[in-house]
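Engineer: Have a look at this one before I ask anything.
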Amino acid sequence: MRCLLIVFITLLCCSPVLATETDPCIECHRQKTPAAVLQWQQSAHVGAGVGCADCHGSDHERLLSKEDMVDAAVCGKCHQDEFAEHTGSRHGMGLHAGWGCTRNLAGRDPAECRFCHEEGSTLPVSKVQCARFLKQSSEMGALGCNRCHQVENNCASCHSNHLTDARISEDPKICAKCHMGPDHPQWEMWETSLHGTLYYSAGPEVGPSCQNCHMSSGTHDVSIGLTSPPSMKPYPQEQQLQQRQAMIAICSQCHAPEFANRELSAADIIRQQSLDIIKQAVDVVQDINDRNLLDPKPSDRPAHPLRGHELVTDGQMLYEDYSHLERLLFKMKKYSLAKTVKGAYHQNPAYTHWYGNAELKMDLVDIRSEASRLKQGAGESSVDGKGANKPSIDDALKILKKKFERGAISQQEYDSAKKVLMQKYLESSE
Amino acid sequence: MRCLLIVFITLLCCSPVLATETDPCIECHRQKTPAAVLQWQQSAHVGAGVGCADCHGSDHERLLSKEDMVDAAVCGKCHQDEFAEHTGSRHGMGLHAGWGCTRNLAGRDPAECRFCHEEGSTLPVSKVQCARFLKQSSEMGALGCNRCHQVENNCASCHSNHLTDARISEDPKICAKCHMGPDHPQWEMWETSLHGTLYYSAGPEVGPSCQNCHMSSGTHDVSIGLTSPPSMKPYPQEQQLQQRQAMIAICSQCHAPEFANRELSAADIIRQQSLDIIKQAVDVVQDINDRNLLDPKPSDRPAHPLRGHELVTDGQMLYEDYSHLERLLFKMKKYSLAKTVKGAYHQNPAYTHWYGNAELKMDLVDIRSEASRLKQGAGESSVDGKGANKPSIDDALKILKKKFERGAISQQEYDSAKKVLMQKYLESSE
Amino acid sequence: MRCLLIVFITLLCCSPVLATETDPCIECHRQKTPAAVLQWQQSAHVGAGVGCADCHGSDHERLLSKEDMVDAAVCGKCHQDEFAEHTGSRHGMGLHAGWGCTRNLAGRDPAECRFCHEEGSTLPVSKVQCARFLKQSSEMGALGCNRCHQVENNCASCHSNHLTDARISEDPKICAKCHMGPDHPQWEMWETSLHGTLYYSAGPEVGPSCQNCHMSSGTHDVSIGLTSPPSMKPYPQEQQLQQRQAMIAICSQCHAPEFANRELSAADIIRQQSLDIIKQAVDVVQDINDRNLLDPKPSDRPAHPLRGHELVTDGQMLYEDYSHLERLLFKMKKYSLAKTVKGAYHQNPAYTHWYGNAELKMDLVDIRSEASRLKQGAGESSVDGKGANKPSIDDALKILKKKFERGAISQQEYDSAKKVLMQKYLESSE
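Chains as they are written, first to last, in my numbering: chain Y, 1 to 430; chain F, 431 to 860; chain P, 861 to 1290.
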């Protein structure tokens, strides 16, 4: 609707309408970039008198040097509401997604800001501060990372470059381009959910698309109704509640609000249960690191680009240059968790259960088994429980101290565990 | 056809036709559940005079407490033939599928009946007796398990809740909702088979859908022509033959019966070859268990909900709380086997070979390697065959005895293997 | 166009047009193979007077014994241009693909020819010389391998058996039938690329299909523009350049050539970076083999069908009867590499990065970890670097020699490494 309005207003302002044959760029570009010209000629921009130079500028040199890129701000000159909604949404921080910029999230840690901003400034010092991105070759970074994360400042991500055809931006397939794959198969889980199957069998009036629920009434704020950031750790209570109410209002266009609330609450519980399983795995990995048994150890391998020679198990975890145990945790946290939780919210049984929950639990089996193997390799324990050389009292106390120092146990738990260890030592040496 | 007939007969009996505006529930529910009302208004039920209360009853309290659920029996009051076909089919035991209820299968073991029924009764004591289900949280069980397995008593699984639109139930996408994923990707393998690609390129008249072959002539008995239960172990000869003939009759609507028979027989052989590979893997796992080398051992871990502290490698195998070795076997039995065998019957090369057969064989590599690692860890053998401490004669005899006791070798094989062992012992101690 | 021409010419030659009811085969086959008859009746062949016997011959006995198969040569009698293009293309060596026949590739090694041909002859002695195929059961070979690779001499692979409907052969789905799965998911990566999503949302005029780029202007030479064989090792410089120019000419139908060149060059770099990662992994595996630590060792396992008791890490690598370490390399080389590289050329971020690059790097983590485990198991090193029994000077020299003999290091590197080893030995024994 707003789109039509803009077209109409622009039509009034820019008469006479730009003739598609008289734009000065056309003559060459019909040869140079035939699809771009043809698509522009078929677009609403033509009727609205928006020609090549209006978006691209007319300085060829700046264009080729990429100084005059058509970024979201260029589109935002006319499409102001959409630009504002987009910028305030999760899409609007696409380039920061790897780092998980917290500027629009509640409960942010101000200390994190320095990764992207000068102290006290809101201007970015760098576009992306994601450990995985920093390890990429520039070619893989451009295609493998930014081709999706550029959504932050690139409307063409969803609208295509020169067409203005709503068939493109309203088709759920356009979301698939990025929202797919092992780390977040939202496309795949929607396509085979009841919503998706009804969309394809009975049409968009019956089966809702991605856009129907996440861009309801045409908003460009795609974050409405989301109750956790990509880490899956839920927002603070109040923010959660607000977001949930917004989503239930959307669900209620079709469903009873009680039904919607019940289903989404069940997914909340599944999210928490899944995070609990992840925690068990992280504990195992940290314990092995306390014991100095990772192979290779953090100290012996290429430095993490943000943390140096440290064990990293949070959102900045890598998928290279570390131990098999950490790689198992990466798969679990990045792939299996996303499938379980997003599968639950998208009501896809095969994703939440088989691709998700079952994998999570098998990942935990694998992680425990690898930990046991590492301890056995170090002679700390064996399959029959009779470890040839269990850690000495000195080592056991050191491991305990590390656990306390990284905050995994409280002062009280530390003291009491120390006492137990000492007691055992005295008994065994009697 | 039968559907139309029912509509017609009902129309005759229930005139004057129910006005969609006068149903007493409509006024509130147009606000409360707008999609439900709209879909019902567009359904054949309206014309047939079937109103809300006809299916849901009119006692709001019982409705909300879920006492008056619209289960398959409610639909079956009118749709009697379909209900009967459905109930007798594999869909009709969806909730028992995890356990693999054998009531409709040949060669069932009566002892198994007590999992679901009181001795001598056909009434169920519990709806589901599946070890994996019993380990689930109720939220995951409801969404991850029952959302599909409820097909037993829920016609809406395939027909949607309020629409009666044949476009939905005749579209293969509706089958995808459940018949997808790592454990049985029938949807994925059909979609990219010749049948599926012709369906989408040349239309349903040329490429057959799921329904064309598995619900031929509109039957609701989806089991027609299947020659093995989900375990993949083929039915007894006679039942197999009967089922095969039924399937070939369906294939012959398009193909020469000889061609259909040849292709299906090749798939039979692939099924047997795959079961043989599985058997090799199960043997390895059982042998490691005989040697007491599983880590953790069955005795040291949470009890299996149906079998306690026992090694379980059959259809009741879990995917949690056990050893890495068993988890490898689970993936092999549950995922790779299904892809190989179902991929063959659905004539999908990539599924039967790459996702199936190649994985099966790599699973076997992984399982043998893990077994070798466990034996090495216990000092039983080493990579150069010179085990530091091979099992003693006493241990070797114990392992052999366990193998005999679980039925893996006959009395004769046991006796002869014992003799060999003793002979070796005598020779080595000379 | 050419197709229409052929139809037209044939119409002129064969009048009066064959009546579909008078073909002598029809009467029986309407019962025996109803779909075949119906599809032929709807095909362009009828109008062109091409009856059953024209393709199948009329000798029933030969037909049933498969002596008179309708192979590509039969179609080629009329469709001469297409047959020639097909035969010269990569499709035209489908049955040799496993072996990677080099007859149409630059830089071929004449010694390889003897796998398929008598010395000095161009006649094949065997259809397929692929180690993986040779290990298959005949049923799996027929369905899992040849159902796709038969494209070499079977036009029906893409055109279906009796229809001549361009909707089938011009639909990208028909390519999916083979170009899918873990080893080369071209279908999946196109479907969710910008090209694929535009195809489905805005139509084939906007989003190009497989055929638009790989069979541009209707050619049947599907190899145009490809710069590497399935091994991904790029062609010699000149051939690469030629192929690239051909592809850019195709891209330029829509895009600026500079843009196309930039994107494809980035993919070239990603290809090389990925091959470098693979090389690191192959080096690890070969080193472990030099140390005699593969479990089982090549000498202790079933012979490789082409190389016997040898470590094979090239295109003839198996996925069975070997060690866990090799199985990890197989997955990396066959699956992860293909996803990274083909994902880059098809401009699919999720495939090139998550399914590709991330897996490649995790595979390398797994391979290094397994190598470390094998070395530890042999007491060669331990997690704290203090290997109980490092290889003796004799063993270290032997390992070095093997490395030299298989060409991994030059004579100079060998000599210098030997000197270092000897020096260390002298120092330690002082």
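A virtual CB, placed ideally from N, CA and C, is assigned to each residue, including glycine.
Computed from a predicted model, the values in this text were never measured in an experiment.
For arginine 262 of chain Y versus valine 341 of chain Y, is the C-beta spacing smaller than 8 Å?
Structural biologist: Going by C-beta atoms, arginine 262 of chain Y is not nearer than 8 Å to valine 341 of chain Y.
Engineer: Any beta-carbon of chain Y closer than 8 Å to the one on lysine 607 of chain F?
Structural biologist: Yes, its Cβ sits closer than 8 Å to a Cβ of chain Y.
Engineer: Could you pull out every unbroken alpha helix (DSSP H) segment of at least 4 residues lying fully inside the stretch 746-791 of chain F, listed in chain order?
Structural biologist: Taking only runs of at least 4 residues, the alpha helix (DSSP H) segments lying wholly in the stretch 746-791 of chain F are 754-761 and 767-775.
Engineer: Quick one: which residues of the stretch 1054-1065 of chain P get their C-beta closer than 7 Å to a C-beta of chain Y? List them in chain order.
Structural biologist: Here the close residues are Leu1054, Thr1057, Leu1058, Tyr1060, Ser1061 and Ala1062.
Engineer: Return the residue from the list Y:Leu264, Y:Lys419 and Y:Gln237 that minimises the CA-CA distance to alanine 249 of chain Y.
Structural biologist: Taking only the C-alpha atoms, the option nearest alanine 249 of chain Y is Y:Leu264.
Engineer: Counting pairs of beta carbons, one from the stretch 197-216 of chain Y and one from the stretch 368-375 of chain Y, are three or more of them closer than 8 Å?
Structural biologist: Contact fails: fewer than three Cβ-Cβ distances are below 8 Å.
Engineer: Could you give the C-beta distance for aspartate 59 of chain Y and aspartate 68 of chain Y, rounded to a whole number, given that I count them as a contact under 8 Å?
Structural biologist: Rounded, the Cβ-Cβ distance is 6 Å, consistent with contact.
Engineer: Could you spell out where the alpha helix (DSSP H) holding proline 726 of chain F opens and where it closes?
Structural biologist: Segment: none, proline 726 of chain F is in no alpha helix (DSSP H) and carries neither H nor E.
Engineer: Does the Cβ-Cβ distance between alanine 808 of chain F and leucine 705 of chain F come in under 8 Å?
Structural biologist: No, they are not a contact pair.
Engineer: Flag this pair as yes or no: are the beta carbons of alanine 131 of chain Y and leucine 306 of chain Y separated by less than 8 Å?
Structural biologist: Going by C-beta atoms, alanine 131 of chain Y is nearer than 8 Å to leucine 306 of chain Y.
Engineer: So is aspartate 1244 of chain P buried or exposed if we call it buried at 16+ other beta carbons inside 10 Å?
Structural biologist: With a pLDDT of only 42 at aspartate 1244 of chain P, under 50, the local geometry of the prediction cannot be trusted, and no value is derived from it.
Engineer: According to DSSP, is glycine 407 of chain Y helix, strand or coil?
Structural biologist: Reduced to three states, the DSSP call for glycine 407 of chain Y is coil.
Engineer: Give me the residue from F:Leu741, F:Arg577 and F:Phe689 with the minimum Cα distance to leucine 924 of chain P.
Structural biologist: Ranking F:Leu741, F:Arg577 and F:Phe689 by Cα distance to leucine 924 of chain P puts F:Phe689 first.
Engineer: Hey, does histidine 1115 of chain P have any beta-carbon neighbour from chain Y nearer than 8 Å?
Structural biologist: Closer than 8 Å to some Cβ of chain Y, the Cβ of histidine 1115 of chain P qualifies, so yes.
Engineer: Using a beta-carbon distance below 8 Å, is glutamine 376 of chain Y in contact with chain F?
Structural biologist: Judged by the 8 Å Cβ criterion, glutamine 376 of chain Y is in contact with chain F.
Engineer: By a C-beta neighbour count over all protein chains shown, 10 Å radius and 16 as the cutoff for buried, is histidine 159 of chain Y buried or exposed?
Structural biologist: Buried: at least 16 other Cβ atoms inside 10 Å.
Engineer: Put histidine 304 of chain Y into one of helix, strand or coil per three-state DSSP.
Structural biologist: Three-state DSSP puts histidine 304 of chain Y in a strand.
Engineer: Any Cβ of chain F within less than 8 Å of the Cβ of glutamate 1265 of chain P?
Structural biologist: For glutamate 1265 of chain P, the answer is no, since every Cβ of chain F falls outside 8 Å of its Cβ.
Engineer: Classify threonine 22 of chain Y as buried or exposed, calling it buried when 16 or more other Cβ atoms lie within 10 Å of its own Cβ.
Structural biologist: It is exposed - the Cβ of threonine 22 of chain Y has fewer than 16 other Cβ atoms within 10 Å.
Engineer: Does the contact criterion of 3 or more C-beta pairs under 8 Å hold for the stretch 408-420 of chain Y versus the stretch 299-314 of chain Y?
Structural biologist: No, because fewer than three Cβ pairs between the stretch 408-420 of chain Y and the stretch 299-314 of chain Y fall closer than 8 Å, the two stretches do not touch.
Engineer: For a cutoff of 8 Å on Cβ pairs, would you count serine 1232 of chain P as touching chain Y?
Structural biologist: Yes, serine 1232 of chain P lies at the interface with chain Y (some Cβ there is under 8 Å from its Cβ).
Engineer: Excluding sequence positions up to five away, which residues of its chain have a Cβ less than 8 Å from the Cβ of glutamine 1140 of chain P?
Structural biologist: Same-chain partners within the cutoff: Leu1224.
Engineer: Look at the alpha carbon of alanine 246 of chain Y and the alpha carbon of glutamate 491 of chain F, and state the distance between them as a whole number of angstroms.
Structural biologist: Those two C-alpha atoms are separated by around 28 Å.
Engineer: Out of curiosity, what's the CA-to-CA distance linking histidine 195 of chain Y and leucine 573 of chain F?
Structural biologist: Approximately 15 Å between the Cα atoms of the pair.
Engineer: Of all the options P:Glu999, P:Gln1283, P:Ala1126 and P:Tyr1195, which has the alpha carbon lying nearest to the alpha carbon of proline 1090 of chain P?
Structural biologist: Selected option, being the one with the closest Cα: P:Tyr1195.
Engineer: With 8 Å set as the bound, which would you pick, yes or no: does the beta-carbon of aspartate 498 of chain F sit closer than that to a beta-carbon of chain Y?
Structural biologist: No, aspartate 498 of chain F does not count as interfacial toward chain Y.
Engineer: For cysteine 915 of chain P, which three-state DSSP category applies?
Structural biologist: DSSP places cysteine 915 of chain P in helix when its eight states are reduced to three.
Engineer: By the DSSP assignment, the alpha helix (DSSP H) with leucine 994 of chain P in it spans what residues?
Structural biologist: Residues 991-994.
Engineer: Since glycine 49 of chain Y contacts methionine 189 of chain Y with CB under 8 Å, what's their CB separation in whole angstroms?
Structural biologist: About 43 Å; that fails the 8 Å criterion.
Engineer: Does lysine 462 of chain F have its Cβ less than 8 Å from a Cβ in chain Y?
Structural biologist: Answer yes: the Cβ-Cβ gap between lysine 462 of chain F and chain Y drops below 8 Å somewhere.
Engineer: Since glycine 518 of chain F and aspartate 651 of chain F are thought to touch, with beta carbons under 8 Å apart, how far apart are those beta carbons, to the nearest angstrom?
Structural biologist: Yes, glycine 518 of chain F and aspartate 651 of chain F are in contact; Cβ-Cβ is about 6 Å, under 8 Å.
Engineer: Take methionine 762 of chain F as the anchor and find which of F:Thr782, F:Glu789 and F:Arg674 has the nearest alpha-carbon.
Structural biologist: For the residues F:Thr782, F:Glu789 and F:Arg674, the minimum Cα distance to methionine 762 of chain F belongs to F:Glu789.
Engineer: What does histidine 1184 of chain P touch in chain F if you count any residue whose Cβ is under 7 Å from its own?
Structural biologist: Result: Val795, Asp796 and Ser799.
Engineer: Does DSSP put aspartate 1275 of chain P in a helix, a strand or coil?
Structural biologist: In the structure shown, aspartate 1275 of chain P sits in a helix (DSSP, three-state: H, G or I).
Engineer: Pull up the distance between the alpha-carbon of proline 664 of chain F and that of phenylalanine 1190 of chain P, whole angstroms please.
Structural biologist: Rounded to the nearest angstrom, the two C-alpha atoms are 32 Å apart.
Engineer: List the endpoints of the continuous alpha helix (DSSP H) containing threonine 87 of chain Y.
Structural biologist: It spans 80-88 - the alpha helix (DSSP H) in which threonine 87 of chain Y sits, taken as one unbroken run.
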